[in-house]
Amino acid sequence: MSRIGVFVCHCGTNIGGIVNVPEVVEAAKAMPLVAYADENKYTCSEVGQGSIRDAIREQKLDRVVVAACSPRMHENTFRKTVATAGLNPYLLEIANLREHCSWVHSDSKKATAKAIDHVRMAVAKVARHESLFPKQVGLTKRALVIGGGITGIQAALDIASAGHEVVLVEKEPSVGGRMSQLDKTFPTLDCSACILTPKMVDVAQHPNITLLSYSEVKEVRGFVGNFEVDILKKAKMVDHKTCTGCGTCWQKCPEKVTSEFDLGLGQRTAIYIPFAQAVPNKPVIDMENCRYQKYLKWTQTEEGKKPPECRICEKLCPTKSIAWEQQEEIVTEKFGALVVATGFKTFDHSVYGEYGAGRYPDVISSLQLERLMSAAGPTEGEVLRPSDNTHPKNIVFIQCVGSRDDKVGRPYCSKVCCMYTAKHAIMLKEHDPEVQCYVFYIDIRAGGKDFEEFARRAQDESGAVYLRGRVSQIYQDGKTLKVLGEDSLIGRPVEIDADLVVLATGMEASEDADRLAQTLHISYNIYNFLIEAHPKLRPVETQTDGVFVAGAAVGPRDIPDCVAHGSAAAAKVIGLLSQDSLTTDPLTAIVAPMKCVGCFACKAVCPFNAIEEQTTRDGRIIASVNESLCKGCGLCVVACRPGAINLRGFTNQQLLSEVMTLVRR
Amino acid sequence: MSEDNSPLVIGFLCNWCSYAGADMAGTSRQAYPPNIRIMRVPCSGRVDPLLIVKCFEEGADAVLVAGCHPGDCHYTEGNYHGRRRFALLRDLLDFMGIEKERFRIEWISASEGKRFAKVVSEFTDEMTKLGPRKVG
Amino acid sequence: MVKEATEKVIPNPFVPYPATLTSSVDLTTDVKLFTLELDRPEDEFDYKPGQFAFVSAFGVGEGPFGLASVAYRKEGLQFAVRRVGTVTNALHQLEPGAKTGVRGPFGNFFPLDDYKGKNIIIIGGGIGFAPLRPVITTILDNREDYGEVLILNGARSPSDLCFASEFDDWAKPPRTKVELTVDAGDDNWNGRVALIPDVLAELGPSPKDAIAIICGPPIMIKFTLTRLKNLGFGDEQIVTTLEGKMKCGLGKCFRCNVGEKYVCRDGPVFTFAEISQFIEQF
Amino acid sequence: MTKILGKTGLESWLHNIMQERALVAPKHVGDLILFDPVQSVDEVVFDYENTNLSPKEFFFPRTDTLFTTKSQDNDVELIPTIIDQETVIFGIRPCDARGIAMLDGPYLDDPADSLWAQHRNKTTMIGLSCTKPAPQCFCTSVGSAPNDSSSVDIMLTEVDDGYAVEAVTEKGERLLQGVELKESDVTLSAPSCDTSVPAEGIVETVKKVFDSPYWSRLADRCIHCNVCAYVCPTCYCFDIRDRTDKGKIERIRTWESCQSKGFTRIAGGHDPRADKGSRLRQRFCHKLLYFPQQFGPLSCVGCGRCVVSCPVNIDIREIISDLQELGAKVG
Amino acid sequence: MGEDFTQQIRDKAKELLENGAVECVIGYETGSDGVSARPAFIYDAAEVDRLAFDNTCTHNLVKYLLDKKGKSTAVVVKGCDSRALNLLLSERQIQRDKVYVIGVVCPGVVEWGWNKRSEQLQKRCNWCRQHTPVVSDFAVGEPITEEPPAEFADVAEMATKTAEDRATFWRDQAERCIRCYACRQACPGCYCIDCFVELLDPEWVGIRIAPDENWMWNTIRAYHLGGRCISCNECERVCPVNIPLSLLNRKLEQEVLDLFDYKAGMSEDAPAPLITFKKDENLGIAE
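Residue numbers (this note's numbering), protein chains in the order written: chain A, 203 to 867; chain B, -12 to 123; chain C, 1033 to 1314; chain D, 5 to 335; chain E, 2 to 288.
In structure tokens form, the structure reads like this:
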């Protein structure tokens, strides 16, 4: 039995000023199955909602149409209204008479006709609504944090401190991320390592945190509250359970290779920790470069010169922790929520021919400069030119390398470069008063607490010369680098003899960010930065419930933002994990088993892996929907030729009724 | 066509982008002709070609499907599927004498209220010029 | 030369009698009992237990439903309608006062006069019990004309038992027993949980001077028939109603046929003797 | 004596008929020949074996409105369809006319189908006997003949200088009023129909072989395309449903076929004829067993349309032969 | 072709039935007119001599595999028919290990009807690019090198008409349609349990056998085969009122080729164009 009530809202004069509301009410009364229609000044007001509740009770209404503003505005409000009157909240439909009608049309007659049609369609649709009931599903109260940079560390610590188990996965041998490569941080100039290291140690020591370094996430299955994640643990070749991190091995290893951590400016051994404060402070063996591995490879072919068998580390290890038999392995773990904090990588400046395309040793990236300035870096904090280890005096900074440049496909601003360059100018001057810095910039972006003052300080106190303009060419002239540019403020070409050129390389999404996003069914933009559910209102959520994003994986941001972001994601995770069960949205797809032909077109188009295979009693293999995974997009419904799948709330019947009621009105 | 010979345009708008874009048109008072009747769907990928064909069978003059811009789909892939289905359907309908112009697909984001109004205005004008469908 | 018959206006048998829905009561979660009153006093509608009629949901179509009332009580035309398809869905949406249409009565009926003096076993499953209600009403209204009466009503679950409010009245008269059973019970159910054929075997009614009337889903009819045969019931002692897909009720569309017989015109009431050769087709 | 209507006389007669009534005649439609209303005698095809579809649709239309509703206030008025249009069908073959007459059996059986009755009353059939039966024809095997005039109102037979005319019914007589006919002593020879189908005794045979696996083997090939039923002059299954447009409700009856899946599926899901074999058997049993049991003749008039149209060559003539052979074995 | 092919098919059928590899062989035999072929179902090795193959073997026998689910069956296929096997395999309607494919290299079939047969190739065979079966367990005949590319002259011709003329053309076709659904029944790609056209709720297509409803039916029938039609032309062959259904199918075939570079039924694995997508593709929509 259907007794539909229609409530038409004047919205003050917002609707009533254009749409003839009494006429809409009269038209509604004549519509099939409409038992009651009335108007309100403001339907969303307590009085208006009360009139709906009263009418439901008095008129025994079993379905409600509210003809008012956009459903995006008040659908939830009115769902609650009808629910308090005892109706299922899904037996409601909204006709949009404001945003889609009165606010955009001025012809009262035509607007009223359109309003009546929209009510008609809503009535047709609501007649086919069915009571829907959210389901409760259990959840695993554990979180996975992907990425062990400052964002991931912060998120992991916050979640763990709230009492939930956390697994932190880091692909490198140590946590720390980009921040661990920095010397000082702007604008406070506190030592990066000094503030980061304690947190890294906290991670290692926190009883609720399991750190999986040198590991990567491969596959993610399941849904919010119930994810199943395959994690690849790369072979470290060292048993970290027994290893004490005494350092003998990496001190004695004879094979020296370029250090990734020092960005090519220093060296490490084949068995190594990436940097002194690494966490875990236990080594891994770089299989590519290990002499014993090379020897083993040689024994298979016996081609070329026989390498030494080496195994020095094994011989010297006091705890016999070298584990040659170790293999990479995949572990599967269950989680209720995931935080993606995969950070960024810096732009590769070799694409810029005018900056030497990476050929000049003394044209370095700013992150390389950080390593040179770092006391724990390859030069122990002394800034020396890579080419001849001399102290550079004239230093040119070039801004926006791989930022704000359409030419290289990076039109966005990397946000931190202006500030770290100011920091560099200040620090270099402090290190060596003879240093003169020149900064070629487009704009100085110093929005942030104490930022503008800091940028000023570089110029006013540290004497850095800021030149507004692009550098057109750099070339090597003996020991000097000739930097040709333009000062656009005075409109004159400039030529500077530089000892060192530092490129403010921008931020890029980290390697494989797109692959990970696809695995997680979250979206990413054309630069592979992850997309949040809403840029303003849901900054750490994603379209996949239970998957949160944080830090520079979402877009360029600085350390305090990353930390705040990590904490924000953690707060969301804690909120999620503090529930005993999760409520699923009932607007999901549903399969009519008798109609399914088992072609699985639905499965092919489902973006959420929500279609599962099921065998019927008569042996047919048919589709079924995992309602916890289904997001209600309806792609499967359209793909299903036999009409075996329907979408609750937007059924074929409902959409067709809307069309039919319109075209045959 | 209605009595005053203005075209009947049926619009299917995805909830997350285009419906919100139409809301934005309202919020910012971007006027457009009142011919369009709007149906809310979760995703442009939920718009069944059967519905569109049904609209034309029943004499609608024009159909607009609007969804998120490619890459912006709330469900990540819905509009990509929709794009393929609609491309094929539009060619088929055109081959059967329903001009391509009568079936329009647009990507309109939640912030493009002005563009929504512009699209609907242009589309309605174009349909008025094209006139009613000659063979039912 | 072929002579012409004088042209006479033939009434269109597809046009129903206009009727008004006077009440609609939930019998189970998906079955409603509708009461209809014909709008025009001149329309004749006399019927007997077992007969059926088409009820219209204008705008959707019409469907055949067994009459659940008895004509002599003049309480309106009653139909128990289970919500299974588009027509029944639409009927369930109707409110008292709604306009509808009735075409009928159609088909044959239970020859209750012939059963006088006999013991009657009435077996119904689910919504199949609806056409048996007028049988029960008639027998109980003329209780002394019949012997022992056993009523066996079964359903999938307790909430699917039709006419639950009437069970007590049915069991009141002497020599009358009402047995209920369900396929699956619930928290409030203290009765039998068994399939109808099994309950029948357990109760073991004697075939002597007895008539068994069965109505229900095809599968239940088939198994119940077997049990009755095992108990010694002869083909003539077993009476059933068959369900068939019907469109006209007039013996024209040839959709409901079982062999050369039309369920709509030659049925729906058949003795097992009449349909035994076709039972596998059904 | 035979009455003759010359070719031009026929044309002007048809022309006159068209002025007052609808004239339906064989006509080229695409590459088909179909019975269709004609506006001019030029459209009429005189030289044809038979039409691709039978003329049954002028008595039992593909789509028919049984009644319409008119709503006013809370009242619904049901308005039955009245057929006013007088129609003349020209060129109907004896087999097809017999098929129409045969359907009087079920349709005029009490309670009569008023639409059928009205169509029959309002329609005059001018038959055209076959001069050269087609290879698929077998009317003589099922109780008719190429010149069988029993079911038409007027029978025409092509002769050298026109058409021999026989008024069979009063209705036919009336239509011929005022038409000038020549007297002639030409004798009409009955053309022969070569195909002979052993249809005699088939009713008894079908009863015997009802449970034979023959049916399901035959159905292997059948794709249940329904074409046989739709081209057949004696198939009369229908479906009924309502249609609502702009507040007006029509109850509509359309053609359907017993071969379609779900034809007998009841709302609960049970389908007594769910398998292909029992559906195909239903069709032949109806034609060869049930219809004769109810109304006398086999409900096959031997027009051969199904033979030609079946895409997988399910040939009723072959089936009748097979059944007889099978029946003989069963004994 | 002819007797040689017939003999090879009979021998293979005999072998398969005798060694129990299959329960039934679906092939062709001579029909009741004595001149044209019809489908034959052979269950007994003693009956293999009924099997025949000639240039009237038009029927796409793959359709019948849908009735033989789960049963080991051999089927005779021509090049065009064989693409239906891939379609049904990819849509999981048949199991490869239950089907034994006798693939006949087909030089083309002729125009024929009941009791009549011409020597003129069917129109579709003139533009056939799949003489050799794409799936085959036992090949009959030598593979023919296929010449590229597909032609769509008939489709192009329609496109030269005005929209109004095109609409009128299809309106006329719809008017003739009697909605027997023979096209669907013959199509190997049509196997829905309940076809959309017969659903009562949602009632996509109204009950009337009238131009509007018929137009909707014909349009969606074609659309549902978009990217799936394997060009066997059975729909058009069985149509009792000669609606040029293949014109719609071929239009879609052309579009699918142009837009998605896809040809249905060429492989079991390639996802059908409407269940997959590419992010960066220009389909002429809202660009």
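Just so it is clear, CB atoms sit at the ideal spot from N, CA and C, and this is done for glycine as well.
Source: prediction; values computed, not measured.
By the criterion of Cβ-Cβ separation under 8 Å, what are the contact partners of residue i in chain C?
i, result
"E/LEU248", "Near E/LEU248 there are no residues of chain C at all, since even the closest Cβ is about 34 Å away, more than 8 Å."
"A/CYS294", "The residue asked about is misnamed: residue 294 of chain A is Leu in this sequence, not Cys. Within 8 Å Cβ-Cβ: nothing; A/LEU294 doesn't reach chain C, min ~18 Å."
Can you check whether the C-beta of residue i is within less than 8 Å of a C-beta belonging to chain C?
i, result
"E/PHE6", "no"
"D/ALA332", "no"
"D/GLN140", "no"
I want to verify the contact list: residues of chain B whose CB lies under 7 Å from the CB of residue i, in sequence order.
i, result
"A/GLU194", "No answer is possible for residue 194 of chain A: it lies beyond the span of chain A, which begins at 203 and ends at 867."
For chain D, find out if any of its Cβ atoms is closer than 8 Å to the Cβ of residue i; answer yes or no.
i, result
"C/LYS1254", "no"
"C/LYS1284", "yes"
"E/VAL102", "no"
Among the options, which one has its Cα closest to the Cα of residue i?
i, options, result
"D/LYS252", "D/LEU82, D/ASN54 and D/GLY205", "D/LEU82"
"C/LEU1182", "C/ARG1165, C/ARG1207, C/PHE1195 and C/SER1191", "C/ARG1207"
"C/ILE1155", "C/ASP1218, C/ILE1246 and C/TRP1202", "C/ILE1246"
"A/HIS723", "B/LEU37, B/GLY58, B/CYS1 and B/PRO119", "B/GLY58"
"A/GLY468", "A/ALA578, A/GLU527, A/ARG259 and A/SER830", "A/ALA578"
"E/GLU269", "E/VAL78, E/ALA75 and E/ARG84", "E/ARG84"
"D/VAL312", "E/VAL242, E/LEU249 and E/LYS264", "E/VAL242"
"A/MET275", "A/ASP662, A/ASP264, A/GLU295 and A/GLN261", "A/GLU295"
Just the chain B side, please: which residues come within less than 8 Å of residue i by C-beta, in chain order?
i, result
"A/ARG866", "GLU45"
Do we get a CB-CB distance below 8 Å when we pair residue i with the residues of chain E?
i, result
"B/ASP78", "yes"
"A/MET796", "yes"
"A/GLN720", "no"
"A/ASN596", "no"
"D/ILE130", "no"
"C/GLY1179", "no"
What in chain A is Cβ-close to residue i, meaning under 9 Å?
i, result
"C/GLU1127", "MET203, SER204, ARG205, LEU235 and ALA237"
"D/LYS250", "ARG866 and ARG867"
Give the residues of chain A in contact with residue i, contact being defined as C-beta atoms less than 7 Å apart.
i, result
"D/LEU79", "One point to set straight first is that residue 79 of chain D is Asp, not Leu, in the sequence displayed. Per Cβ cutoff of 7 Å: no residues; D/ASP79 is ~15 Å from chain A at best."
My assumption, with CB atoms under 8 Å, is that residue i sits in contact with residue j. Please give the rounded CB distance.
i, j, result
"D/ALA168", "D/ILE8", "6 Å"
"A/LYS454", "A/ILE514", "6 Å"
"E/TRP216", "E/ALA160", "So it is not a contact: roughly 19 Å between Cβ atoms."
"E/VAL23", "E/ALA75", "4 Å"
Would a check of beta-carbon distances place residue i closer than 8 Å to chain A?
i, result
"B/ASP26", "Residue identity differs from the one stated: residue 26 of chain B is Met in this sequence, not Asp. Chain A contact via Cβ: present."
"E/GLU152", "no"
"B/MET(-12)", "Here B/MET(-12) scores only 47 on pLDDT, less than 50, and its place in the model should not be relied on; the value that follows carries that caveat. Cβ-Cβ to chain A under 8 Å: no for B/MET(-12)."
In chain E, what lies closer than 8 Å to residue i by C-beta?
i, result
"B/GLU64", "PHE278"
Could you tell me which chain E residues have their CB closer than 9 Å to the CB of residue i, listed as they occur along the chain?
i, result
"D/TRP259", "ILE179, ARG180, CYS181 and ILE210"
Review point. Relative to chain G, which residues along the segment 187 to 221 of chain E have a C-beta separation below 7 Å, given in chain order?
Key: Reference to chain G is not applicable here, since the protein chains of this structure are A, B, C, D and E.
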